[in-house]
Amino acid sequence: MALDVYDDYEQGERVRKWLADNWASIAIGIGLGLALIFGWQWWKAHRAGLDLAAAEQYQLFTSANQAGNAVRADAAAAVLTRDFPHNIYATLAVSLKAAREAKAGDYKSAAADLQWAAAHAPDAALKGLMQLRLARVQMAMQQPRDALATLAAIDPHDYRAEAAIARGDAQLMLGNQAAARVAYDQALAYLKPDAPQRGLLKLKLDNLAIAGK
Amino acid sequence: MLTLLRDKLSGWFAKILFGILIFVFAFFGIEGYFVASHATWVAKVGDHQIGSQAFQDALNKAREQQLQNNPQIDPKALDGQRFKNDVLEGLIQRQLLIDLAQRSGIVVTDAQLRDAIAHVPAFQSNGAFDPTAYTAVLAGAGLTPETFQDMERNDLTVQVLPQALSDGSIVTPQQIDGYLRLIGQTRDFSYVDLPVPQPVDSTVTPTQIADYYKAHADAYMSPEQVAVQYVDLSTDSMPAPAAPSDEALRKLYAQNESRFVVPGQYDVAHILISVPKNATVAQKSAALAQAQKVDALAAAPGANFAALAKQYSDDLGSKNQGGDLGWLGLGDTDPAFQAAMVALKPGQISKPVLTSDGYHIIKLLAARAGSTKPFDQVKDVLASEYLKDARDKEYSRIAGKLIDAIDSNPGSLAGAAQALGIPVHTSPLFSRAGGSGLFADSKIVQAAFSSQVLKDNNTSDPINLSPQHMVLVHLARHVPAQPLPLAQVAGTIQSTILAQRVAAAASQQADALLAKLKAGSSLDALAKSVGGNVKTIAAATPGTQGVDPTLLSAVFKLPAPAPKQRARSAVNLGQGRYALVEVTAVHPGDPSKLPAEQRAFLTTQIGQMQDAATTQAFLDALRRATTVQTAPDRM
Chain H
1 MALDVYDDYE QGERVRKWLA DNWASIAIGI GLGLALIFGW QWWKAHRAGL
51 DLAAAEQYQL FTSANQAGNA VRADAAAAVL TRDFPHNIYA TLAVSLKAAR
101 EAKAGDYKSA AADLQWAAAH APDAALKGLM QLRLARVQMA MQQPRDALAT
151 LAAIDPHDYR AEAAIARGDA QLMLGNQAAA RVAYDQALAY LKPDAPQRGL
201 LKLKLDNLAI AGK
Chain R
1001 MLTLLRDKLS GWFAKILFGI LIFVFAFFGI EGYFVASHAT WVAKVGDHQI
1051 GSQAFQDALN KAREQQLQNN PQIDPKALDG QRFKNDVLEG LIQRQLLIDL
1101 AQRSGIVVTD AQLRDAIAHV PAFQSNGAFD PTAYTAVLAG AGLTPETFQD
1151 MERNDLTVQV LPQALSDGSI VTPQQIDGYL RLIGQTRDFS YVDLPVPQPV
1201 DSTVTPTQIA DYYKAHADAY MSPEQVAVQY VDLSTDSMPA PAAPSDEALR
1251 KLYAQNESRF VVPGQYDVAH ILISVPKNAT VAQKSAALAQ AQKVDALAAA
1301 PGANFAALAK QYSDDLGSKN QGGDLGWLGL GDTDPAFQAA MVALKPGQIS
1351 KPVLTSDGYH IIKLLAARAG STKPFDQVKD VLASEYLKDA RDKEYSRIAG
1401 KLIDAIDSNP GSLAGAAQAL GIPVHTSPLF SRAGGSGLFA DSKIVQAAFS
1451 SQVLKDNNTS DPINLSPQHM VLVHLARHVP AQPLPLAQVA GTIQSTILAQ
1501 RVAAAASQQA DALLAKLKAG SSLDALAKSV GGNVKTIAAA TPGTQGVDPT
1551 LLSAVFKLPA PAPKQRARSA VNLGQGRYAL VEVTAVHPGD PSKLPAEQRA
1601 FLTTQIGQMQ DAATTQAFLD ALRRATTVQT APDRM
């Protein structure tokens, strides 16, 4: 197992030559690597900073909202929607604002807010929930057709029972008893056996009984 | 030597050997990269694993909580698969929320964390956050502030979303009105109870009975029964051991002497010259001088101790009683006081004795010597203890031997028992519903019908009815479920057939009358034709009293009639009874009648229900978007 043996000098020369030929590529490689590492670090810190700023803004919003200070709460919510529109905190704050407005009977503002929230929600599950609430508000505004359109836009795999119940209610407002019945029947099939809404849904269905059944 | 080694190792043989070694070392353990290592997770949510340890911890916590909330809960319910699934579901949901929080940048600010920790009641004193309490509580729980803050931060992060979801829930007045219209609905209706008709043919031939018996064989079976051989072992069933000898009892008495000692008692009086807690040397010596003076006065012949106590004693509790402290036992007083007191003879007075209160001058008024109960007095107690102990030991010995014998030969109970001189009994037959006596106990019945006993013909595991009471069973006879003889059930079958005929006739009659009613006959006329009369109920609710609940529920399920129309039906009330019913009007509930505060309450209630439902649906939606695997076998 004889190895080719260079003496120290020869070896040093070879290394020096290799370095002279390739130093540019090496430097660029190291530079790129460092840039990538620091860039990634910077990006993470930047994101964390943004998240923290949004969290603080949301904190401002909830404490003002709970204290009943609508002006301050809405100001905080406006900052969130302007500066962090795609952050989850913006969606949450706007949904809370909508709930307050709906409670006060201002369905128009509530509907507008929920529409914004549904459009900007960063998560599909959250978006569906906003749409579901929007449909309820639209029904309260006597706009069952709009409500049906909103409900139809919800991902058909999510909120199946809740959406079906709301669909039934909207159809009933339009006087479509048969369609309402179909929707309620669907809801009943989607509900778990021990779901608390079952009792009320059964009542609704009984009330829509068809002659001859 | 080294040269030799080098020479030998440079040959082709050595090269091959090295090649093999290199191969072995390089690839040894490589299968670990291809075959999954031993997995211990019980659930996998996305990339996150919920380990079996975390699951066990959560399970134990949940059990504790359940037991605390509901001490009467059946412990079996906390052991079942269902409970485990619920706990795992909770962990999965929590992980889904954590994932979403991380994904969408939900963070807890330091201010929030500080605020939350400051509001934990355990860390507060006088309504404000107390840093010493904080560190003390954490230390008690074995946590560092850092780990606790991390836990708390996680908890807060998880709470943000559900909190926002529930705070943002919307219940419109329209929903409440709709609910009130439904729930407050009343209906007007009239009905006639139809008479139960006679069966067309009331004779049942034996052939008919036999045919029915054949067609419904499953319904006429005797229950599966077993009889078992059993051993009923308890301390009471142990043979009475020989009465202990006097000598043995005396030995026991010597071992337990301390139990029979009646300690001495001392009636003492004292005079206290108090020394303040942080007295100076001067104060101390002044007190000693005073004590010695009083002591001399008390020890003088003819001295009146009581009068001296009244004059000099600093013990406010006793000075007016002449210093009398009453009867004291050992251990009732300061050790120094006691040592002096025990050394006195009645009437004697001690030198001043220093205790933490100051100097005492003690007079022993009277003493009752301590005594030891003599052997004869406690002999019976010792004898009965001896016997009980002997029986317990005998029980443990025999039970242990029996269990060992059965472990090595599970098929034979009688053999093992007889070898130990334990009687083996045979039970009467009993079914899964249980028998009488011992065999009413569900644990024994379960064991008797277990596959171990019934199928494998082995002896059951020991069934402990109480700590010193054990039963073992072994199958003696198995009577499978079998058809009851026709003669025994003919009567039942006859009445069943008759009841069916009545039901058929009643249904026919009801259908005919309903057809007539729908064709335009009046309910009154139809009632008269069957000899019944019409009852009319106005504004009935689903809970109206005095009407058959089956009828009432049917009335509320009938389609609402159009104005001036009627909804009609024949309602089967069971056992051949039918009612012909006609709903004349449906009145929706009036939402405006509900007082405002009840409405607010209802809004909250419906809101909570809706909230629970939508939050669950939200979690379901999250779960659908994430890969969740569970490993029930590792739970």
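These protein sequence lines map, in sequence, to chains H and R.
Read in my numbering, the first sequence has 81 at position 81, and its numbers run on one by one without any break.
Read in my numbering, the second sequence has 1352 at position 352, and its numbers run on one by one without any break.
Idealized CB from N, CA, C, for every residue including glycine.
C-beta neighbour in chain R for residue i, strict 7 Å
i	result
Leu96 of chain H	yes
Pro193 of chain H	no
Arg167 of chain H	no
Ala2 of chain H	Confidence at Ala2 of chain H is low in this model, with a pLDDT of 45, below 50, so its placement is unreliable and the value that follows should be read with caution. Chain R contact via Cβ: absent.
Leu151 of chain H	no
Tyr190 of chain H	no
Asp206 of chain H	yes
Gly175 of chain H	no
Ala211 of chain H	Because the pLDDT at Ala211 of chain H is just 49, under 50, the model does not fix this residue reliably, and the point stays unresolved.
Leu129 of chain H	yes
Pro85 of chain H	no
Gln57 of chain H	no
Leu201 of chain H	no
Glu101 of chain H	no
Leu134 of chain H	no
Residue-level contact to chain H via CB, residue i, 7 Å cutoff
i	result
Lys1564 of chain R	no
Leu1097 of chain R	no
Gln1174 of chain R	yes
Met1238 of chain R	no
Thr1614 of chain R	yes
Ala1540 of chain R	no
Thr1603 of chain R	no
Gln1109 of chain R	The sequence shown places Thr at residue 1109 of chain R, rather than the Gln named in the question. So, interface residue.
Asp1167 of chain R	yes
Ile1170 of chain R	yes
Rounded distance between the beta-carbons of residue j and residue i, thought under 8 Å
i	j	result
Gly1435 of chain R	Pro1428 of chain R	6 Å
Glu1582 of chain R	Leu1523 of chain R	5 Å
Ala110 of chain H	Ala102 of chain H	4 Å
Ala1579 of chain R	Leu1573 of chain R	6 Å
Ile1106 of chain R	Ile88 of chain H	6 Å
Asp1611 of chain R	Ser1166 of chain R	5 Å
Leu188 of chain H	Leu205 of chain H	7 Å
Ala1291 of chain R	Tyr1359 of chain R	4 Å
Minimum Cβ-Cβ distance from residue i to chain A less than 7 Å
i	result
Ile88 of chain H	The structure shown contains no chain A; the protein chains it does contain are H and R.
For residue i, three-class secondary structure by DSSP
i	result
Asp1620 of chain R	helix
Lys1044 of chain R	strand
Lys1363 of chain R	strand
Ile88 of chain H	helix
Gly1051 of chain R	strand
Ile1406 of chain R	helix
Gly1105 of chain R	coil
Val1471 of chain R	strand
Gln1124 of chain R	strand
Pro1374 of chain R	coil
Val1171 of chain R	coil
Pro1131 of chain R	helix
Met1635 of chain R	coil
Thr1661 of chain R	Only positions 1001 to 1635 of chain R appear in the structure, and residue 1661 of chain R is not among them; the question remains open.
Closer than 6 Å: residue i CB and nearest the ligand GDP heavy atom
i	result
Ala1243 of chain R	This structure does not include the ligand GDP; it has no bound ligands of any sort.
Secondary structure, alpha helix (DSSP H): runs of 4+ residues fully inside the region 1531–1616 of chain R: 1549–1557
Of all the beta strand (DSSP E) runs that stay within the bounds of the region 1492–1538 of chain R, which reach a length of 3 or more residues? none
Report the start-end ranges of each alpha helix (DSSP H) in the region 1063–1095 of chain R that is 4 residues or longer and not cut off at the edges. none
Taking contact to mean at least 3 C-beta pairs separated by less than 8 Å, is the region 1151–1170 of chain R in contact with the region 1606–1625 of chain R? yes
Give, in chain order, every unbroken run of the beta strand (DSSP E) that is at least 3 residues long and sits entirely within the region 1257–1305 of chain R. 1265–1274
In chain order, what are the residue ranges of uninterrupted alpha helix (DSSP H) at least 4 long that sit wholly in the region 144–174 of chain H? 144–153, 160–173
Pick out the complete alpha helix (DSSP H) segments inside the region 1177–1223 of chain R, 4 residues or longer, and give them in chain order. 1206–1215
Validate contact between the region 1493–1509 of chain R and the region 1556–1563 of chain R using beta carbons, cut 8 Å, 3 pairs: no
At 4 residues or longer, what runs of the alpha helix (DSSP H) sit wholly inside the region 1377–1459 of chain R? 1414–1419, 1442–1448, 1451–1454
Ranges of the beta strand (DSSP E) found wholly within the region 1310–1355 of chain R, counting only runs of at least 3: 1324–1329, 1353–1355
So, do the region 1328–1340 of chain R and the region 1257–1273 of chain R have three or more beta carbon pairs nearer to each other than 8 Å? yes
Below 8 Å, can you find three or more Cβ-Cβ pairs linking the region 1224–1241 of chain R to the region 1389–1396 of chain R? yes
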